[in-house]
Amino acid sequence: MDPRSEVLLRQAELFQGSLLLAGLPADDLLGRLPGAVGWSWHAGEQQLLNKRFSGRCSFGVAPPPGEYVAAVLFLPKSRELTDYVLQALAAQLAGRPLYLVGEKRAGVERAAKQLASLGRARKLDSARHCQLWQGEIEQTPAVPDLDALAHQFTLELDDGPLQVISLPGVFSHGRLDVGSALLLEHLDNLPSGRVLDFGCGAGVIGATLKRRYPQSELVLLDVDAFAVESSRRTLAANGLEAEVIAGDGIDAAPRQLAAIISNPPFHQGVHTNYHASETLIERAAEHLSSGGELRLVANAFLRYPPLIEQHLGACQTVVERNGFRIYRAICS
Numbered sequence: 001m002d003p004r005s006e007v008l009l010r011q012a013e014l015f016q017g018s019l020l021l022a023g024l025p026a027d028d029l030l031g032r033l034p035g036a037v038g039w040s041w042h043a044g045e046q047q048l049l050n051k052r053f054s055g056r057c058s059f060g061v062a063p064p065p066g067e068y069v070a071a072v073l074f075l076p077k078s079r080e081l082t083d084y085v086l087q088a089l090a091a092q093l094a095g096r097p098l099y100l101v102g103e104k105r106a107g108v109e110r111a112a113k114q115l116a117s118l119g120r121a122r123k124l125d126s127a128r129h130c131q132l133w134q135g136e137i138e139q140t141p142a143v144p145d146l147d148a149l150a151h152q153f154t155l156e157l158d159d160g161p162l163q164v165i166s167l168p169g170v171f172s173h174g175r176l177d178v179g180s181a182l183l184l185e186h187l188d189n190l191p192s193g194r195v196l197d198f199g200c201g202a203g204v205i206g207a208t209l210k211r212r213y214p215q216s217e218l219v220l221l222d223v224d225a226f227a228v229e230s231s232r233r234t235l236a237a238n239g240l241e242a243e244v245i246a247g248d249g250i251d252a253a254p255r256q257l258a259a260i261i262s263n264p265p266f267h268q269g270v271h272t273n274y275h276a277s278e279t280l281i282e283r284a285a286e287h288l289s290s291g292g293e294l295r296l297v298a299n300a301f302l303r304y305p306p307l308i309e310q311h312l313g314a315c316q317t318v319v320e321r322n323g324f325r326i327y328r329a330i331c332s
């Protein structure tokens, strides 16, 4: 059981009836709270929860409609995403409690101040290195407008400006990260065919690829609902069309790909997690056609070349700069 869920269950009498759990972990909490439903923006966790508790956890960028006696937010990593979700939940909870639970090191005390802006807030419990807070929604806020919260910026690229739309919680929200900037400079000479942007974020790489290779079929994949929505908006803002899918890892990707391009994630919440990127390398060959290419950017300290050579073949370092490297390998 996740320690945040354990803290919640220490006060189980507060969480009976029609309860909305937002950003909940994929543990047994729904089984312990039979009247509760979940809202997740992580495709992998939502998939696991729906396998165990069919139909009780929704996926997307907005909470499921309904009349709830209360809601609980499991603290997200991003302050901007916390703001949005708190507002979205509070809009459905006039006069009813909104709870916040999170790890101390994840900034739950800071987030409690955000909760307090919606009504009186008080700490109910502190255990398992986590805290549980309760807020009373005194005045119902308006439903937050994602369009108003989006960061829109322009990248001046060699083939013209690219409009980027980034939503709260998306990696490198509102700016271009160093790894993606380097990868943008080295997208030449890709094989033609179906191309995957793995871990698409706000869609910068995928939109650039579609513009540079208009005859290729582009697929953009991310585990996060806000990233998927950001990518769709970035494509639309540039008059581009591509398939955007939500899924947890490379197993969710199509087969027979000509190329996989990626700035793979290595964080989940406040924790470092290399599972998605390592699994991508280990299973890329299952998704690539013969002669297909894996091209990814990664921090230089990560020892990816031996793993790439073990599962794909010869690994070429295309460039190294500012602590990042681009690796390239061809599937035999």
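Per the UniProt record's numbering, the sequence shown starts with residue 1, numbered consecutively. Even for Gly, the Cβ is constructed at its ideal location relative to N, Cα and C.
Judged by DSSP in its simplified three-state form, Gly102 adopts strand. No Cβ-Cβ contact shorter than 8 Å links Ala259 with Gly206. Under the 10 Å beta carbon count, Ser117 is surrounded by fewer than 16 other beta carbons and is classified as exposed. Looking at the backbone, the Cα of Pro264 and that of Ser231 are separated by about 15 Å. Annotation: Ala284 to Gln310 spans about 12 Å, alpha carbon to alpha carbon. In terms of Cα proximity to Asp222, the closest of Gly23, Asp28 and Trp41 is Trp41. Residue state for Leu33 is assigned as coil, using DSSP reduced to three classes. Within the DSSP secondary-structure output, His129 pairs in no beta bridge. Annotated as distal: Phe74 and Arg128, with beta-carbon spacing of 8 Å or more. Asp222 sits in a strand when the DSSP states are folded into three classes. Counted as a single uninterrupted DSSP element, the alpha helix (DSSP H) harbouring His287 occupies residues His275 to His287. With fewer than 16 other Cβ atoms inside 10 Å of its own Cβ, Val143 counts as exposed. For the pair Tyr99 and Ala70, the CB atoms are nearer than the 8 Å cut-off.
DSSP places Arg328 inside the beta strand (DSSP E), whose first and last residues are Phe324 to Ile330.
For Pro306, the enclosing alpha helix (DSSP H) begins and ends at Pro305 to His311. Counting of Cβ neighbours within 10 angstroms places Asp147 among the exposed residues, the total staying below 16.
Cα atoms of Leu21 and Arg56: separation of roughly 10 Å, rounded to the nearest angstrom. Going by DSSP, Leu257 is part of the beta strand (DSSP E) stretching over Leu257 to Ser262. Note on the region 154 to 220: whole alpha helix (DSSP H) runs with a minimum of 4 residues are 178 to 184 and 204 to 212, in chain order. Bridge partners of Val244 according to DSSP: Leu220. For the pair Ala202 and Val164, the CB atoms are nearer than the 8 Å cut-off.
Bounds of any alpha helix (DSSP H) do not take in Arg10, whose DSSP letter is neither H nor E. In this structure Arg122 is exposed. Its beta-carbon is surrounded by fewer than 16 other beta-carbon atoms within 10 angstroms. Between the region 189 to 197 and the region 208 to 217 there are three or more C-beta pairs closer than 8 Å, enough to call the two in contact.
By the criterion of a C-beta distance shorter than 8 Å, Gly313 is surrounded in its chain by Ala329, Ile330, Cys331 and Ser332, once the five residues flanking it on both sides are discounted. Counting only the Cα atoms, Gln131 lies some 36 Å from Arg233.
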